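Colleague: Questions regarding the structure given below will be posed in turn.
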Amino acid sequence: MELYINAVLLTLLVVVTLAIMCQQNLFAVVVLFSAYSFLMASIMIVLDAVDVALTEAAVGAGISTVVFLGTLYLTKSAKIRSGQVELLPLIIVFLTGVVLVYGTYGLPTFGLANAPIHMHVAPFYLEQSIPQIGVPNVVTTVLANFRSFDTLGETTVVLTAGIGVMLLLKRRNKKGGDRT
214 MELYINAVLL
224 TLLVVVTLAI
234 MCQQNLFAVV
244 VLFSAYSFLM
254 ASIMIVLDAV
264 DVALTEAAVG
274 AGISTVVFLG
284 TLYLTKSAKI
294 RSGQVELLPL
304 IIVFLTGVVL
314 VYGTYGLPTF
324 GLANAPIHMH
334 VAPFYLEQSI
344 PQIGVPNVVT
354 TVLANFRSFD
364 TLGETTVVLT
374 AGIGVMLLLK
384 RRNKKGGDRT
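Structure, rendered in structure tokens:
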């Protein structure tokens with residue numbers, strides 16, 4: 214049953230992606246991006262990565278949609294200017310996809326019990342979560358303690374990107390911006 218759910222979700226993902234590529238209306242693109250994020254969150258739930266799904270739903274479908282809609286409002290943009298399809302970016306994306314798929318061939322089978330991560334890192338986190346930290350939630354322990362510098366770095370990147378977008382929008386709004 215899980216295979217069929219994944220197949221349906223991935224098919225919907227491809228349909229939404231193709232719809233995004235064909236759209237000329239930017240509002241429709243933003244709505245479809247939100248739907249794309251929702252589908253990705255659904256796939257993460259099926260894969261039992263609920264924390265990633267929650268982040269995708271909050272950031273991808275929530276915050277990003279609000280930022281995109283705010284940008285459309287401030288710039289008064291409604292349509293994509295260029296109607297022609299460029300081949301070079303399409304070829305680059307296709308080749309990047311091929312390289313990424315090729316890179317997955319060296320990975321262990323998904324869910325394999327004796328994968329390297331399950332033999333070394335995961336047991337340490339599970340065994341040391343409560344004795345070292347005192348927090349029974351292992352995900353919280355890993356993100357907030359064992360990988361705290363990594364989490365701090367990710368948070369800093371997201372915060373910096375958000376501040377950058379806000380400054381760009383504020384600057385464009387003061388100048389009058391491109392009102393197309």
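Going by this note's numbering, 335 is the number at position 122 of the sequence shown; the sequence numbering is gapless.
By construction, the Cβ of each residue, glycine as well, lies at the ideal position given by its N, Cα and C atoms.
All of these numbers come straight from a predicted model, not from anything done at the bench.
1) Since S247 is in the alpha helix (DSSP H), which residue starts that stretch and which ends it?
2) Here's the rule: buried if 16 or more other CB atoms are within 10 angstroms of the residue's CB, otherwise exposed. What is G273?
3) Ordered along the chain, which non-local residues of its own chain (more than five positions away) have a Cβ less than 7 Å from that of T284?
4) Does the stretch 313-327 come close enough to the stretch 337-356 to have 3 or more Cβ pairs within less than 8 Å?
5) Taking 8 Å as the cut-off, decide whether the C-beta atoms of M278 and V334 are in contact.
6) Roughly how many angstroms lie between the CA atoms of R392 and L287, to the nearest whole one?
7) What residue range is occupied by the uninterrupted alpha helix (DSSP H) comprising Y286?
8) Can you determine whether any heavy atom of the ligand ADP sits closer than 7 Å to the C-beta of L339, and answer yes or no?
9) Determine, using beta-carbon pairs with one atom in the stretch 308-315 and one in the stretch 250-260, whether at least three such pairs fall under 8 Å.
10) What span of residues does the alpha helix (DSSP H) with N350 cover, start to end?
11) Output yes or no for whether 8 Å exceeds the beta carbon distance between L252 and L216.
12) Whole angstroms are fine: how far does the CA of F281 sit from the CA of T353?
13) Is the Cβ-Cβ distance between Q237 and L245 less than 8 Å?
14) If V228 sits next to Y249, beta carbons under 8 Å apart, how far is it from one beta carbon to the other, in whole angstroms?
15) Which two residues bound the contiguous alpha helix (DSSP H) that contains T309?
16) Could you tell me the alpha carbon to alpha carbon distance between K289 and G366, rounded to whole angstroms?
Modeller: Reading off the structure:
1) Taking the first residue of the sequence shown as 1, we reach residue 247 at position 34. First-last of the alpha helix (DSSP H) with S247: 239-259.
2) As a position in the sequence shown, residue 273 is number 60, starting the count at 1. G273 sits buried, since 16 or more C-beta atoms from the chains shown fall within 10 Å of its C-beta.
3) Sequence index remark: in the sequence shown, residue 284 carries index 71 (1-based). So the qualifying residues of the chain are L382.
4) no
5) Here the question's residue 278 lines up with position 65 in the sequence shown. Here the question's residue 334 lines up with position 121 in the sequence shown. Note that residue 278 is Thr in the sequence shown here, rather than Met. Going by C-beta atoms, T278 is not nearer than 8 Å to V334.
6) One-based indexing of the sequence shown puts residue 392 at position 179. One-based indexing of the sequence shown puts residue 287 at position 74. Caution applies to R392, whose pLDDT of 47 falls short of 50 and renders its modelled position unreliable; the model cannot decide the point.
7) Your numbering for residue 286 matches position 73 in the sequence shown. Element bounds for Y286: 277-288.
8) Annotation note on the ligand ADP: not contained in the displayed structure, which lists no ligands.
9) no
10) Along the sequence shown, read from residue 1 onward, the residue named residue 350 stands at position 137. Careful: N350 lies outside any alpha helix (DSSP H) and carries neither H nor E.
11) Taking the first residue of the sequence shown as position 1, residue 252 is located at position 39. Taking the first residue of the sequence shown as position 1, residue 216 is located at position 3. No. Outside cutoff.
12) Translated into positions along the sequence shown, residue 353 becomes position 140. Translated into positions along the sequence shown, residue 281 becomes position 68. Rounded to whole angstroms, T353 to F281 spans 30 Å at the Cα level.
13) For the purposes of this step, residue 237 is taken as the residue at position 24 of the sequence shown. For the purposes of this step, residue 245 is taken as the residue at position 32 of the sequence shown. It is not a contact, given that the beta carbons lie outside the stated cut-off.
14) Here residue 228 corresponds to residue number 15 of the sequence shown, with the count starting at 1. Here residue 249 corresponds to residue number 36 of the sequence shown, with the count starting at 1. Rounded, the Cβ-Cβ distance is 10 Å, inconsistent with contact.
15) Along the sequence shown, one-based indexing puts residue 309 at 96. Its alpha helix (DSSP H) spans residues 300-316.
16) For this step, residue 289 is matched to residue 76 along the sequence shown. For this step, residue 366 is matched to residue 153 along the sequence shown. The alpha-carbon atoms of K289 and G366 are separated by roughly 34 Å.
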